[in-house]
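The structure under discussion appears below in the form of structure tokens.
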Amino acid sequence: MIRRISLKHSTAQPLNRSTASNLFRHRAVFLDRDGTLIHEAHYLSDPRKVKIYQGVPAALKRLGKAGFKLVIISNQSGIGRGWVSREAVRRVNRRMCRLLVVAGSPRFDGIYYCPHAPQDRCACRKPRPLLIKKAARDLRLNPRRSYVIGDKLCDMRLAKAVGARAVLVLSGHGRHEWPAIRRLKIPVAFRARRLSRAVAWILKDNG
12 MIRRISLKHS
22 TAQPLNRSTA
32 SNLFRHRAVF
42 LDRDGTLIHE
52 AHYLSDPRKV
62 KIYQGVPAAL
72 KRLGKAGFKL
82 VIISNQSGIG
92 RGWVSREAVR
102 RVNRRMCRLL
112 VVAGSPRFDG
122 IYYCPHAPQD
132 RCACRKPRPL
142 LIKKAARDLR
152 LNPRRSYVIG
162 DKLCDMRLAK
172 AVGARAVLVL
182 SGHGRHEWPA
192 IRRLKIPVAF
202 RARRLSRAVA
212 WILKDNG
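Quick note on my numbering: the sequence shown kicks off at 12 and runs consecutively.
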């Protein structure tokens with residue numbers, strides 16, 4: 012069952028190393044949605060406009076076969092801004108999942124999104140780590156054995172915040188975000204043109 016979660020209030024407690032190593036043993040790939048799995052759209056609300064990047068279903072299938080849990084971590088500030096409804100976000104997610112499964116992708120183990128606007132200063136908006144901490148508890152994941160794939164600076168900072176390895180895809184906003192990431196010296200383990208190449212590197216990194 013996919014967990015589609017948004018958080019109104021911060022309730023998660025910080026993870027410590029002993030807890031992560033003793034209880035949370037599974038490795039995961041935490042994936043951004045827009046610009047990483049599906050084509051970037053301006054606050055997408057119409058499920059009919061979901062367009063999956065070429066090669067994504069096969070790449071996710073490879074990760075699943077390798078034993079990685081697959082979790083989406085997404086900022087959906089259009090909800091907090093009043094531009095997109097929660098139900099519209101759920102419909103888009105359902106449509107994306109259906110298209111991926113039909114194309115051979117495994118089902119996601121969890122979908123977590125932040126519904127807040129930036130000015131809300133919530134604890135769950137990337138790069139803050141609350142959503143990954145929540146996913147780690149729900150799914151018994153060890154972020155330190157995991158990867159974060161995304162197309163933005165906030166994704167790379169999120170990886171750093173939880174001790175995961177950061178992988179930047181140059182789809183979506185990736186090409187425009189890379190100069191700032193490099194200037195700020197945010198650790199990036201690998202850069203890839205698209206998700207399929209990012210996954211190939213992750214599998215090699217774990218070989």
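The C-beta atom is built at its ideal place from N, Cα and C for all residues, glycine as well. Predicted, not measured: the structure shown is a model, and the values here were computed from it.
Have a look at residue i and residue j and give me their C-alpha separation to the nearest angstrom.
{"i": "Pro138", "j": "Asp166", "result": "6 Å"}
{"i": "Arg186", "j": "Ala209", "result": "15 Å"}
{"i": "Ile160", "j": "Val180", "result": "7 Å"}
{"i": "Asn33", "j": "Arg148", "result": "With a pLDDT of only 48 at Asn33, under 50, the local geometry of the prediction cannot be trusted, and the value read off the model is given with reservation. If I take the Cα positions, the gap works out to 12 Å."}
{"i": "Gly78", "j": "Arg38", "result": "8 Å"}
{"i": "Ile143", "j": "Glu51", "result": "22 Å"}
{"i": "Asn153", "j": "Lys62", "result": "31 Å"}
{"i": "Arg36", "j": "Lys145", "result": "15 Å"}
{"i": "Arg105", "j": "Phe119", "result": "11 Å"}
{"i": "Phe41", "j": "Pro117", "result": "14 Å"}
{"i": "Arg132", "j": "Val173", "result": "19 Å"}
{"i": "Arg15", "j": "Cys135", "result": "Residue placement at Arg15 cannot be trusted, given a pLDDT of 48 that sits under 50; the coordinates are not used to answer."}
{"i": "Asn217", "j": "Ala203", "result": "17 Å"}
{"i": "Asp57", "j": "Arg92", "result": "17 Å"}
{"i": "Val113", "j": "Gly89", "result": "28 Å"}
Based on Cα-Cα distance, which residue from the options lies nearest to residue i?
{"i": "Val178", "options": "Leu195, Ala191, Arg194, Val199", "result": "Val199"}
{"i": "Pro68", "options": "Trp212, Gly174, Leu206, Arg168", "result": "Leu206"}
{"i": "Gln87", "options": "Leu71, Leu55, Ile63", "result": "Leu55"}
{"i": "Gly115", "options": "Gly121, Ala70, Ala128", "result": "Ala70"}
{"i": "Leu141", "options": "Ala170, Arg102, Leu81, His53", "result": "Ala170"}
{"i": "Arg194", "options": "Lys215, Phe201, Ser182, Leu164", "result": "Leu164"}
{"i": "Arg176", "options": "Pro58, Ile122, Lys72, Leu214", "result": "Leu214"}
{"i": "Ser85", "options": "Ser157, Arg151, Ile122", "result": "Ile122"}
{"i": "Arg151", "options": "Leu81, Ile192, Ile49", "result": "Leu81"}
Under three-state DSSP, which class holds residue i?
{"i": "Asn153", "result": "coil"}
{"i": "Asp45", "result": "strand"}
{"i": "Leu55", "result": "coil"}
{"i": "Val40", "result": "strand"}
{"i": "Ser85", "result": "strand"}
{"i": "Val210", "result": "helix"}
{"i": "Ile197", "result": "coil"}
{"i": "Arg202", "result": "strand"}
{"i": "Gly185", "result": "helix"}
{"i": "Asn33", "result": "Confidence in Asn33 is poor, its pLDDT being 48 and thus under 50, which makes the residue's placement too unreliable to answer from."}
{"i": "Ala175", "result": "coil"}
So residue i packs on residue j, CB below 8 Å; how close in whole Å?
{"i": "Val100", "j": "Tyr64", "result": "At roughly 19 Å, the Cβ-Cβ gap does not stay under 8 Å, so Val100 and Tyr64 are not in contact."}
{"i": "Pro126", "j": "Arg97", "result": "6 Å"}
{"i": "Asp162", "j": "Gly46", "result": "4 Å"}
{"i": "Ile83", "j": "Arg44", "result": "5 Å"}
Is it the case that the CB of residue i approaches a heavy atom of the ligand SAM more closely than 8 Å?
{"i": "Lys137", "result": "The ligand SAM is absent from the structure shown, which contains no ligand whatsoever."}
Inside the segment 62-138 only - beta strand (DSSP E) runs reaching at least 3 residues: 80-86, 121-125
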